[in-house]
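Trainee:
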Amino acid sequence: MAAPPAQLAGAQPANANAPTAEASTAAAAIREADRLRDAKDLDGARRVLTEARRQFPGNYDLLHRAAIVEHLAERYADARALVQPALTSSNAPSKLFVIAIQVARRLTDTTWAEATVREALRRWPSLPEFHHQLGLILSERGKLDEACWHFEAAINLQPYNANAQMALAVALERMGDLARAEFLYRSVIAVDRRASQALINLGVILQKQERHLEALEIYRQAEQLPHQAVLHSNLGALYRSLRRYEDARASYAVALKREPNNVSFLYNFGNLLKELGDLDGAAANYRRALAIAPDNASVHWNLSLALLAAGRLAEGFQEYEWRWQYEGFPSKRRDFPQPMWDGGPAPGKALLIHTEQGMGDVLQYMRFMPAIVERAAGARIVFECHQPLMRLFSDLPGVDRTVERLGPEPLPPFDLHMPLMSATHVLGIATLDQLPKQVPYIPVPDPTSFPLNEARPELLKIGLVWAGNPRFSGDRTRSTQLATVLPLLDVPGTQFFSLQKGDGEAEVRNAPAKLIRLNERIRDFCDTAAAMMQLNLIITTCTSVVHLAGALGRPTWVMLCHAPDWRWLLGRDDSPWYPTARLFRQSTQADWPGVIAAVRAALTEQVRAGRAKPSPS
Numbered sequence: 016m017a018a019p020p021a022q023l024a025g026a027q028p029a030n031a032n033a034p035t036a037e038a039s040t041a042a043a044a045i046r047e048a049d050r051l052r053d054a055k056d057l058d059g060a061r062r063v064l065t066e067a068r069r070q071f072p073g074n075y076d077l078l079h080r081a082a083i084v085e086h087l088a089e090r091y092a093d094a095r096a097l098v099q100p101a102l103t104s105s106n107a108p109s110k111l112f113v114i115a116i117q118v119a120r121r122l123t124d125t126t127w128a129e130a131t132v133r134e135a136l137r138r139w140p141s142l143p144e145f146h147h148q149l150g151l152i153l154s155e156r157g158k159l160d161e162a163c164w165h166f167e168a169a170i171n172l173q174p175y176n177a178n179a180q181m182a183l184a185v186a187l188e189r190m191g192d193l194a195r196a197e198f199l200y201r202s203v204i205a206v207d208r209r210a211s212q213a214l215i216n217l218g219v220i221l222q223k224q225e226r227h228l229e230a231l232e233i234y235r236q237a238e239q240l241p242h243q244a245v246l247h248s249n250l251g252a253l254y255r256s257l258r259r260y261e262d263a264r265a266s267y268a269v270a271l272k273r274e275p276n277n278v279s280f281l282y283n284f285g286n287l288l289k290e291l292g293d294l295d296g297a298a299a300n301y302r303r304a305l306a307i308a309p310d311n312a313s314v315h316w317n318l319s320l321a322l323l324a325a326g327r328l329a330e331g332f333q334e335y336e337w338r339w340q341y342e343g344f345p346s347k348r349r350d351f352p353q354p355m356w357d358g359g360p361a362p363g364k365a366l367l368i369h370t371e372q373g374m375g376d377v378l379q380y381m382r383f384m385p386a387i388v389e390r391a392a393g394a395r396i397v398f399e400c401h402q403p404l405m406r407l408f409s410d411l412p413g414v415d416r417t418v419e420r421l422g423p424e425p426l427p428p429f430d431l432h433m434p435l436m437s438a439t440h441v442l443g444i445a446t447l448d449q450l451p452k453q454v455p456y457i458p459v460p461d462p463t464s465f466p467l468n469e470a471r472p473e474l475l476k477i478g479l480v481w482a483g484n485p486r487f488s489g490d491r492t493r494s495t496q497l498a499t500v501l502p503l504l505d506v507p508g509t510q511f512f513s514l515q516k517g518d519g520e521a522e523v524r525n526a527p528a529k530l531i532r533l534n535e536r537i538r539d540f541c542d543t544a545a546a547m548m549q550l551n552l553i554i555t556t557c558t559s560v561v562h563l564a565g566a567l568g569r570p571t572w573v574m575l576c577h578a579p580d581w582r583w584l585l586g587r588d589d590s591p592w593y594p595t596a597r598l599f600r601q602s603t604q605a606d607w608p609g610v611i612a613a614v615r616a617a618l619t620e621q622v623r624a625g626r627a628k629p630s631p632s
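Each residue of the sequence shown is one higher than the one before, counting from 16 in the numbering used here.
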């Protein structure tokens with residue numbers, strides 16, 4: 016049963032000049048209807064009010080009560096039929112507009128709701144409730160600036176209007192003004208320390224600013240009050256950020272016990288389990304969420320990652336196609352008018368293969384280019400890639416032309432297209448055994464184009480990378496700092512070369528001299544590839560460099576977080592994607608020291624065994 020609609024404080028009484036007999040009869044009918052309503056007998060209340068309105072059809076008090084009864088019975092269309100005709104009267108009281116606005120919002124008729132509240136404001140411009148209601152409607156329609164103006168008007172008219180302050184704070188938060196939103200939430204809490212929703216919202220604001228300990232203190236205050244299940248879900252997210260994983264698991268369990276069909280809770284709990292490496296548990300939560308909300312792209316996307324990490328490629332790559340509907344996906348769909356390639360022969364057609372996501376993704380998926388060329392049978396292949404890869408991919412077998420992704424030149428004409436990362440789905444890759452194993456599968460540059468003049472032939476020459484793109488959502492767990500990997504440089508018989516590019520290069524400036532700064536000379540991936548061909552080993556975290564090394568077939572040691580990217584699967588030290596890779600995994604969350612110790616021990620053993628090979632000439 017719906018909650019009673021809000022009443023308007025300070026509204027003027029209707030029919031103040033009505034005859035005493037009418038007023039007395041109407042009041043008696045309203046008292047009886049209220050008694051029946053409180054007894055949950057809405058049909059009885061409706062009968063009493065209907066009979067009274069037959070006697071006094073113009074009585075606004077009876078009309079208002081009748082509309083409330085229909086609202087409570089969730090008969091919103093009937094409530095609208097009662098009140099809408101009366102709103103045109105200049106004598107209609109403000110409380111009829113209040114119930115009309117509530118009914119309009121229940122009917123999701125924002126056009127009628129906005130028109131009604133604007134008419135109410137024309138008649139009663141100083142009533143704060145109407146400013147508040149118009150602000151809510153405008154906020155729902157994305158008109159946040161105008162919504163804020165009306166919320167502020169409501170607050171100016173009624174300074175301690177907690178509802179308007181809360182609504183203004185939510186709108187400001189959506190606009191990115193977290194400081195003002197925080198101030199407003201704190202203002203509400205200062206007046207009412209039991210304002211649980213303000214406490215919860217304040218905790219969210221603090222989490223967004225990574226003020227995790229402050230957020231935890233606020234949530235603990237909220238826990239002392241009657242609260243919603245969302246508090247425990249938020250605590251789960253907070254504990255996850257603090258890497259207090261058992262506390263996070265317990266918080267999500269409480270949230271889901273209270274609201275077992277809450278899609279957001281199921282989704283967030285699934286994400287936690289995926290991060291902890293419980294792929295079956297994660298997938299189970301995602302599937303429960305999809306049973307309730309089958310078109311939720313965020314859930315489909317994360318289900319794909321869990322399935323792929325478990326090696327269940329057929330369903331995983333099918334779910335992966337939901338990435339274009341997922342709002343958090345870093346690449347946007349290219350809305351070409353030409354059709355998608357279906358994987359069949361395309362003689363005489365121009366087929367555009369366009370890249371997406373990061374450069375590591377491109378390097379990983381270049382293994383499928385020969386199959387694309389073969390399956391497209393007679394098509395002219397146009398390959399679009401990122402500028403730093405252009406020189407490396409300037410002469411690809413079977414590719415007629417390589418163009419720069421979103422470069423200054425327009426794309427050449429084409430008839431069909433395919434995003435590169437859809438190749439696994441289009442080509443029907445269903446098992447790990449179907450992955451092409453041949454390496455190298457990209458052009459190998461001439462090593463002499465990037466000479467390593469510092470190289471000492473008697474030492475094991477190692478390329479080192481420790482950090483990826485910090486703008487990638489998962490970078491917090493996959494990357495580390497130079498200081499973490501420095502113990503590797505002390506292994507006797509080794510010579511380390513920095514291949515680090517991007518934000519991590521800043522750390523190299525203060526690195527020990529024994530870390531040779533190749534990064535200062537590297538211009539693009541072609542230079543990096545040429546350098547790799549002269550190194551004995553590449554040691555890296557999960558960055559584009561590992562995909563380049565793997566594509567070239569270079570010996571590569573990969574330092575991985577506890578729940579790494581889906582490509583690395585779980586529980587194995589080899590990779591079906593890269594036959595020359597060896598994986599070093601964290602045994603627990605954030606255990607980089609354990610990984611470094613394992614790599615250092617393996618490196619010491621390799622040097623001791625005399626496995627270093629002469630550099631290619």
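Yeah, the Cβ is synthetic: ideal placement off N, Cα and C, and Gly gets one too.
Computed from a prediction, not measured in an experiment: that's the story for all the values here.
For residue 114, count neighbouring C-beta atoms within 10 Å of its own C-beta (all shown protein chains included) and say buried if the count is 16 or more, exposed if not.
Mentor: Buried, since its Cβ has 16 or more Cβ neighbours within 10 Å.
Trainee: Please report the Cβ distance between residue 329 and residue 445, rounded to the nearest whole angstrom; I am assuming they are in contact, meaning their Cβ atoms lie under 8 Å.
Mentor: Right, their Cβ atoms sit about 4 Å apart.
Trainee: Of the choices 260, 271 and 261, whose alpha-carbon is the least far from that of residue 246?
Mentor: Residue 246 has its Cα closest to that of 271, out of 260, 271 and 261.
Trainee: Would you kindly report the start and end of the unbroken beta strand (DSSP E) that includes residue 476?
Mentor: Element bounds for residue 476: 475 to 480.
Trainee: Report yes if the C-beta distance between residue 263 and residue 298 is below 9 Å; otherwise report no.
Mentor: Taking 9 Å as the Cβ cut-off, residue 263 and residue 298 do not qualify as a contacting pair.
Trainee: Kindly identify the DSSP beta-bridge partner or partners of residue 366.
Mentor: DSSP, once it has assigned bridges, lists 396 and 431 as partnering residue 366.
Trainee: Taking only three categories from DSSP, how would you classify residue 572?
Mentor: Residue 572: strand per DSSP, three-state reduction.
Trainee: Counting pairs of Cβ atoms below 8 Å between the stretch 386 to 395 and the stretch 313 to 327, do you hit three or more?
Mentor: No, because fewer than three Cβ pairs between the stretch 386 to 395 and the stretch 313 to 327 fall closer than 8 Å, the two stretches do not touch.
Trainee: Put residue 414 into one of helix, strand or coil per three-state DSSP.
Mentor: If DSSP states are grouped into helix, strand and coil, residue 414 belongs with coil.
Trainee: Does the count of Cβ pairs from the stretch 543 to 560 and the stretch 500 to 517 closer than 8 Å reach three?
Mentor: Enough Cβ pairs lie closer than 8 Å, so yes.
Trainee: Residue 512 by DSSP, collapsed to three states: which one?
Mentor: Strand at residue 512.
Trainee: With burial defined as no fewer than 16 other Cβ atoms inside 10 Å of the residue's Cβ, what is the status of residue 480: buried or exposed?
Mentor: Per the 10 Å Cβ criterion, buried.
Trainee: Return helix, strand or coil for residue 27, following the three-state DSSP convention.
Mentor: Caution applies to residue 27, whose pLDDT of 43 falls short of 50 and renders its modelled position unreliable; the value that the coordinates give is listed next. Of the three classes helix, strand and coil, the one that applies to residue 27 here is coil, per DSSP.
Trainee: Looking only at its own chain, which residues have a Cβ that is under 8 Å from the Cβ of residue 489, when we skip the five neighbours before and after it?
Mentor: Correct list, in chain order: 580.
Trainee: Which one of 353, 236 and 220 has the shortest CA to CA distance from residue 433?
Mentor: If we check each option's Cα against that of residue 433, 353 comes out closest.
Trainee: Would you grab the beta carbon distance between residue 133 and residue 149 for me? Rounded to a whole angstrom, and I think it's under 8 Å.
Mentor: Right, their Cβ atoms sit about 7 Å apart.
Trainee: Given residue 210, which residues of its chain have a CB within under 6 Å of its CB, disregarding the five upstream and five downstream residues?
Mentor: Closer than 6 Å at Cβ, skipping near neighbours: 203 and 204.
Trainee: Please classify residue 398: is it buried, with 16 or more other beta-carbons within 10 angstroms of its beta-carbon, or exposed?
Mentor: It is buried - the Cβ of residue 398 has at least 16 other Cβ atoms within 10 Å.
Trainee: Does the distance from the C-beta atom of residue 118 to that of residue 95 stay below 9 Å?
Mentor: Cβ atoms of residue 118 and residue 95: closer than 9 Å.
Trainee: Using a Cβ-Cβ cut-off of 8 Å (strictly less than) and excluding sequence neighbours within five positions of residue 624, which residues of its own chain qualify?
Mentor: Counting only Cβ-Cβ distances below 8 Å, and skipping sequence neighbours, we find nothing.
Trainee: Using a Cβ-Cβ cutoff of less than 8 Å, which residues in the same chain neighbour residue 454 once the five nearest sequence positions on both sides are dropped?
Mentor: Within the same chain, residue 454 has close Cβ partners 565, 566, 567, 568, 593, 594 and 595.
Trainee: Does DSSP classify residue 457 as helix, strand or coil?
Mentor: Note: residue 457 maps to coil in three-state DSSP.
Trainee: Thinking just about the alpha-carbon of each residue, which of 508, 38, 321 and 370 is nearest to the one in residue 619?
Mentor: Per the Cα distances, 508.
Trainee: Using the beta-carbon count (16 or more within 10 Å), is residue 239 buried or exposed?
Mentor: Flag for residue 239 reads exposed.
Trainee: To the nearest whole angstrom, what separates the beta carbons of residue 435 and residue 591, a pair I think is in contact under 8 Å?
Mentor: That pair is no contact at about 19 Å.
Trainee: Along the chain, where does the alpha helix (DSSP H) containing residue 131 start, and where does it finish?
Mentor: Looking at the DSSP string, the run of the alpha helix (DSSP H) that includes residue 131 is 125 to 138.
Trainee: Secondary structure at residue 537, three-state DSSP: helix, strand or coil?
Mentor: Residue 537: coil per DSSP, three-state reduction.
Trainee: If you draw a straight line from the alpha carbon of residue 361 to that of residue 367, how long is it in whole angstroms?
Mentor: Spanning the two alpha carbons is a distance of roughly 12 Å.
Trainee: Alpha carbons only, please: which of 290, 188 and 233 is nearest the one belonging to residue 208?
Mentor: Of 290, 188 and 233, the residue nearest in Cα terms is 233.
Trainee: Report the option in 178, 387, 143 and 317 whose CA atom is closest to the CA atom of residue 172.
Mentor: It is 143 whose Cα lies nearest to the Cα of residue 172.
Trainee: Out of curiosity, what's the CA-to-CA distance linking residue 582 and residue 323?
Mentor: If I take the Cα positions, the gap works out to 7 Å.
Trainee: Thinking C-beta only, is residue 598 closer than 9 Å to residue 587?
Mentor: Yes. Within cutoff.
Trainee: Could you check what DSSP says for residue 543 in three-state terms: helix, strand or coil?
Mentor: Three-state result, residue 543: helix.
Trainee: Compare the Cα-Cα distances from residue 499 to each of 537, 609, 570 and 260 and report the closest residue.
Mentor: For residue 499, the nearest C-alpha among the options comes from 609.
Trainee: According to DSSP, is residue 465 part of a helix, a strand, or is it coil?
Mentor: Residue 465 falls in the coil class under three-state DSSP.
Trainee: Within this structure, are the beta carbons of residue 280 and residue 260 separated by less than 9 Å?
Mentor: No.
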